[in-house]
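Numbering (numbering that gives the first Met the number 0) for the sequence shown: 0 to 359. Cβ coordinates follow ideal geometry from the N, Cα and C atoms, glycine included.
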Amino acid sequence: MLTYIFKRLILIVPTLFLIILVNFVVIQIAPGGPVEQAIEQAKYSGMNELGSVGGLNAKAVGNDSSSYQGARGLSPEMLTQIKKQYGFDHSASERLWIMLKGYVHFDFGTSFFKGKSVLELMKERLPVTLSLGLWSTLIIYLISIPLGMRKAVQHGAAFDHWTAFFLVAGYAVPVFIFAILLIVFFAGGSYLQWFPLQGLVSENFDQLSLLDQIKDYLWHMTLPLIAMTAGGFAKLTYLTKFSFLDEWQKPYALAARAKGLTTNRVLYGHVFRNAILVIIAGLPDVLLAVFLVGNFLIEIVFNLNGMGLLGFEAIVQRDYPVIFGTLFVYTLAGMLLRLMSDILYRLIDPRLDFEQRESI
0 MLTYIFKRLI LIVPTLFLII LVNFVVIQIA PGGPVEQAIE QAKYSGMNEL GSVGGLNAKA
60 VGNDSSSYQG ARGLSPEMLT QIKKQYGFDH SASERLWIML KGYVHFDFGT SFFKGKSVLE
120 LMKERLPVTL SLGLWSTLII YLISIPLGMR KAVQHGAAFD HWTAFFLVAG YAVPVFIFAI
180 LLIVFFAGGS YLQWFPLQGL VSENFDQLSL LDQIKDYLWH MTLPLIAMTA GGFAKLTYLT
240 KFSFLDEWQK PYALAARAKG LTTNRVLYGH VFRNAILVII AGLPDVLLAV FLVGNFLIEI
300 VFNLNGMGLL GFEAIVQRDY PVIFGTLFVY TLAGMLLRLM SDILYRLIDP RLDFEQRESI
């Protein structure tokens, strides 16, 4: 097992490199980079102080072009200074090398437009993303596993049929659409104003008592968590149902019931150990879906200052250090989560041998 874990950790390095390289190449093709934006700003504002254009002197990654559209009317010196300010005075290969050297030390450079290092921005935004992601994942599992187990035991019964309607509805409605509907109906959009429209806490949060702070936090979290949970528990519920249903109909479970054991004893004493493996295997996918897709959309709709909103703002502004930094972190987290899934597999069922599986 230790050999398998070591091999997987070693493979993370080339995988990260290939992902960053592919995205870096794609960025070279995309028009409208920060240099072009700075040129347009300089042209139309007629400013004389270059230092106020777009931000800081940062390690740059992105478009590289010997000539920029819309650069007419600017002196060659100003154009050269703009390129140097964003680091575009280096070739694409040099920028890639500078970026990779920084990533070895988890130095993701400095944001072009926010005046802070990418790592500092991530530290500021990460608590919001973790708060949303962990709470929603916990709620999804607390709902999906018991519901899926009961649907498996009562397969074909009335309970199985009427709960299927709510699962299909939750799966069919996109997360952001459901979030918008919640805002319209419950956050002062057109009907009720029971919950805040945006933000994770109130403006006077620091002045509240501890109990009031907890209430205020939960008050702001209600609609985002409902939106994320409604869109995420259907898939896991059906995965749980069919996993347990498959085990429930196997000979060992039928024999246990034939001996007169109660449903709960067969379910938790015999079936659970085997069926839960599939649920554990799906945990990384659930976490990635919640953090990458769910958080991204929910943070935008509810204007929550998390990693998802940070990435969205970076894409809109073409803030390349932030784009690549968040991509690196999410990719690394995804691969570590999948490795964690394999380790949990082995802890639950020691019969599994990943090293032998690789040699087959």
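For a test of the three-state rule: what should DSSP assign to residue i, helix, strand or coil?
i	result
ALA186	strand
LEU336	helix
VAL21	helix
MET46	Since pLDDT at MET46 reaches only 46, below the 50 mark, its modelled position is unreliable, and no value is offered.
GLN248	coil
GLY141	Before going on, a small fix: residue 141 reads as Leu here, not Gly. Residue state, collapsed to three classes: helix.
SER208	coil
SER201	coil
LEU125	helix
GLN153	coil
VAL52	Note on VAL52: pLDDT 44, under 50, position unreliable in the model; the coordinate value appears next. DSSP places VAL52 in coil when its eight states are reduced to three.
LYS58	Confidence in LYS58 is poor, its pLDDT being 42 and thus under 50, which makes the residue's placement unreliable; the coordinate value appears in the next sentence. Coil, per DSSP.
Based on the DSSP output, what are the partners of residue i in its beta bridges?
i	result
THR109	SER116
GLN192	ALA186
Assuming residue i and residue j make a contact with CB atoms under 8 Å, what is their CB distance in whole Å?
i	j	result
ALA252	HIS269	6 Å
GLY147	THR236	5 Å
ASN244	HIS154	Here residue 244 is Leu; the residue named in the question, Asn, does not match the sequence. Indeed, because the Cβ distance is near 6 Å, the residues count as touching under 8 Å.
LEU222	LEU191	At roughly 11 Å, the Cβ-Cβ gap does not stay under 8 Å, so LEU222 and LEU191 are not in contact.
THR162	LEU286	That pair is no contact at about 24 Å.
TYR102	PHE327	6 Å
ASN302	ARG124	The Cβ separation is near 13 Å, so there is no contact.
ALA226	LEU166	With a Cβ gap of about 16 Å, ALA226 and LEU166 do not count as contacting.
PHE16	GLY324	About 15 Å separates the two Cβ atoms, so there is no contact after all.
PHE105	LEU118	7 Å
Between which two residues does the alpha helix (DSSP H) holding residue i run?
i	result
PHE158	157-171
GLY310	306-316
GLU93	91-103
VAL277	271-280
LEU303	First-last for LEU303: undefined, no H or E at that position.
THR261	Counting along the chain, THR261 falls outside any alpha helix (DSSP H), and DSSP gives it neither H nor E.
When we look at the beta-carbon of residue i and count the other beta-carbons within 10 Å, is it buried (16 or more) or exposed?
i	result
LEU120	buried
LYS150	buried
LYS6	exposed
LEU199	buried
TRP247	buried
THR2	exposed
ILE28	exposed
PHE295	buried
ASP205	exposed
PRO320	buried
GLY54	Residue confidence for GLY54 is low, a pLDDT of 44 falling below 50, so the modelled location carries little weight and cannot support an answer.
ILE314	exposed
LYS113	buried
LYS381	Because residue 381 is not part of the residues shown, which for the chain are 0 to 359, the question remains open.
PHE164	exposed
SER110	buried
THR174	Position check: residue 174 holds Val in this sequence, whereas Thr was assumed. Under this definition VAL174 is a buried residue.
PRO283	buried
ILE9	exposed
ALA156	exposed
ILE19	buried
ALA229	buried
GLU93	exposed
ILE213	exposed
ARG272	exposed
SER116	buried
Considering only heavy atoms of the ligand ATP, does any lie closer than 7 Å to the CB of residue i?
i	result
VAL21	By its list of ligands, the structure shown contains no ligand whatsoever, and the ligand ATP lies outside what it can speak to.
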